[in-house]
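Working notes, beginning with the structure itself.
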Amino acid sequence: MAADDQDMEPTLADIHAARDLLRDHLPPTPMWSYPLLDRAAGATVLVKHENTQPVGAFKVRGGVTLLAGMSDIERERGTVTWSTGNHAQSLAYASHVFGAACTVVMPAGTPGTKARAVEGWGAQAIRHGDSLEAAERHAREHAERSGARLISPGDTPELLAGVGTVYLEIVEARPDLDAIVVPVGSGTGAASACLVAGCPVIAVQSAASPAAHDSWRAGELVTRPNGTAAAGLATGRGFALPQRIMRDRLADFLLVGDDEITHARRLLATTAHTLAEGAGAAALAGVLSRPDLFNGKRVAIVCTGGNADADELATLRRG
Ligand SMILES: *Cc1c(COP(=O)(O)O)cnc(C)c1O
1 MAADDQDMEP TLADIHAARD LLRDHLPPTP MWSYPLLDRA AGATVLVKHE
51 NTQPVGAFKV RGGVTLLAGM SDIERERGTV TWSTGNHAQS LAYASHVFGA
101 ACTVVMPAGT PGTKARAVEG WGAQAIRHGD SLEAAERHAR EHAERSGARL
151 ISPGDTPELL AGVGTVYLEI VEARPDLDAI VVPVGSGTGA ASACLVAGCP
201 VIAVQSAASP AAHDSWRAGE LVTRPNGTAA AGLATGRGFA LPQRIMRDRL
251 ADFLLVGDDE ITHARRLLAT TAHTLAEGAG AAALAGVLSR PDLFNGKRVA
301 IVCTGGNADA DELATLRRG
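And the structure:
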């Protein structure tokens with residue numbers, strides 16, 4: 001079944017259904033604008049605060065939607081996935097809420113804090129291999145051996161349906177937006193935004209990990225070096241399902257430098273009372289990088305997450 005997941009595109013109706021499922025589990029997140037941030041950006045910037053989610057990132061909407069829709073038998077067999085960060089925590093959290101088994105394969109070099117965060121929700125963290133690709137292979141083998149359902153972080157329709165609820169909240173709160181700017185790793189967030197939004201959706205990735213950007217530009221799935229410090233944007237390949245959805249619907253795809261992301265994190269900290277991880281500030285970095293696109297406009301940016309570890313927090317200090 002997992003092999004065919006990527007062929008099933010979620011619909012707007014699936015995203016509405018996900019919101020009904022989530023209503024009992026996750027309250028809507030706040031969205032605010034801040035005068036000093038608007039002044040710095042030369043635009044009206046609405047910050048959607050997904051950093052306030054229980055695991056500190058929007059991905060929990062996908063995990064809870066997936067687990068809520070599983071049968072008792074499926075939950076008993078459990079899930080297995082691969083991830084270094086927020087996807088892992090999302091699935092671990094949702095599995096905790098629904099009493100399901102969950103295994104996450106992380107590359108061996110993943111910081112201990114990330115493995116402990118997963119274990120804190122009662123999931124099993126396996127550290128294996130020297131890359132995400134190696135962790136993915138190990139997760140596939142584990143699924144075949146154990147009967148657990150393999151969950152691709154990018155190609156699972158239920159995850160897209162769940163994260164799409166962010167964009168229902170945004171467009172219902174502010175139907176008057178000129179654009180929504182979304183940071184991209186695998187592309188589930190930006191793809192689901194395309195399914196919901198009536199205004200242009202603009203994606204942002206780090207130039208140090210441009211696989212999703214380059215896949216979209218090329219019109220085919222490509223692999224690329226994966227060197228960004230922003231874990232949520234770090235992927236070495238394009239994912240089929242979100243790329244197919246973004247293909248004709250995404251208005252533009254921007255690349256920013258990791259230094260621009262750090263600057264945006266400082267600005268969120270000083271003007272918006274918000275500690276964002278790198279990926280969570282990438283949308284703002286995109287807005288700041290292109291005054292020609294955004295000057296004078298009304299834009300929503302998704303602060304996708306706040307899981308900055310001690311090393312990442314230390315980079316907020318001016319060098
Ligand atoms: C996963 C993640 C992203 C990227 O989302 P995709 O749906 O994988 O494109 C952005 N920000 C944060 C904080 C994330 O955890």
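Quick note, the sequence shown lines up with residues 1 to 319 if you use the UniProt record's numbering. Where is the CB? At the ideal position from N, CA and C, for every residue including glycine.
**Request:** Check whether the Cβ of T188 sits closer than 7 Å to any heavy atom of ligand 1, and report yes or no.
**Result:** yes
**Item:** Which listed residue (L160, R237, A207, R145) has its alpha carbon closest to that of L132
**Value:** R237
**Request:** Kindly confirm or deny that the segment 133–151 and the segment 63–80 touch, where touching means at least three C-beta pairs closer than 8 Å.
**Result:** yes
**Message:** With a threshold of 7 Å (Cβ to nearest heavy atom), would H184 be considered close to ligand 1?
**Reply:** Strictly speaking, residue 184 in this sequence is Val, with His absent from that position. V184: yes, Cβ under 7 Å from ligand 1.
**Request:** Look at the alpha carbon of A57 and the alpha carbon of V222, and state the distance between them as a whole number of angstroms.
**Result:** 26 Å
**Prompt:** Just to confirm, does N86 get its C-beta within under 7 Å of one of the non-hydrogen atoms of ligand 3?
**Reply:** Although ligand 3 was asked about, the structure shown includes only ligand 1 as ligands.
**Asked** Nearest-angstrom Cα distance between T29 and T165?
**Response** 10 Å
**Asked** Would the beta-carbon of C199 fall within 8 Å of that of A179?
**Response** yes
**Asked** Comparing alpha-carbon positions, which option in I170, V182, E158, A40 lies nearest G305?
**Response** V182
**Message:** Using the three-state DSSP reduction, which class does V222 fall into: helix, strand or coil?
**Reply:** coil
**Item:** Nearest residue (CA-CA) to G63, options T84, H213, Q89
**Value:** Q89
**Message:** Within 10 Å of its beta-carbon, does G109 have 16 or more other beta-carbons around it, so buried, or fewer, so exposed?
**Reply:** exposed
**Item:** Every unbroken alpha helix (DSSP H) within the segment 27–102, with a cutoff of 4 residues, ordered by chain
**Value:** 35–41, 60–68, 72–77, 86–97
**Message:** Taking 7 Å as the limit between beta carbons, can you name the residues of its chain near A115, skipping five residues before and five after?
**Reply:** M106, A125, R127
**Prompt:** If you run the structure through DSSP and keep just helix, strand and coil, what is C303?
**Reply:** strand
**Request:** Specify, as a first and last residue, the run of the alpha helix (DSSP H) that R145 falls within.
**Result:** 132–146
**Request:** May I ask you to check if the CB of V64 is nearer than 7 Å to at least one heavy atom of ligand 1?
**Result:** no
**Asked** On the three-state DSSP scale, how would you describe M1?
**Response** With a pLDDT of 39 at M1, under the threshold of 50, the modelled position of this residue cannot be trusted, and the question is left open.
**Prompt:** Tell me which same chain residues have a C-beta within less than 7 Å of the C-beta of S289, skipping the five on either side of it?
**Reply:** L254, V256, E260
**Request:** Evaluate the contact criterion for the segment 226–244 versus the segment 34–45: three or more CB pairs, one atom per stretch, below 8 Å.
**Result:** no
**Closest by C-alpha distance to S206, when choosing among S215, T188, A234** = A234
**Extent of the continuous alpha helix (DSSP H) run through S192** = 188–196
**Buried or exposed by the 16-neighbour rule on C-beta atoms within 10 Å, applied to N51** = buried
**Message:** Taking contact to mean 3 or more Cβ pairs, one atom from each stretch, closer than 8 Å, check whether the segment 271–291 and the segment 299–313 are in contact.
**Reply:** yes
**Message:** So for M246, helix, strand or coil by DSSP?
**Reply:** helix
**Prompt:** Is DSSP giving P183 helix, strand or coil here?
**Reply:** strand
**L168 beta carbon near ligand 1 (any heavy atom closer than 7 Å)** = no
**Request:** Check whether the Cβ of L255 sits closer than 7 Å to any heavy atom of ligand 1, and report yes or no.
**Result:** no
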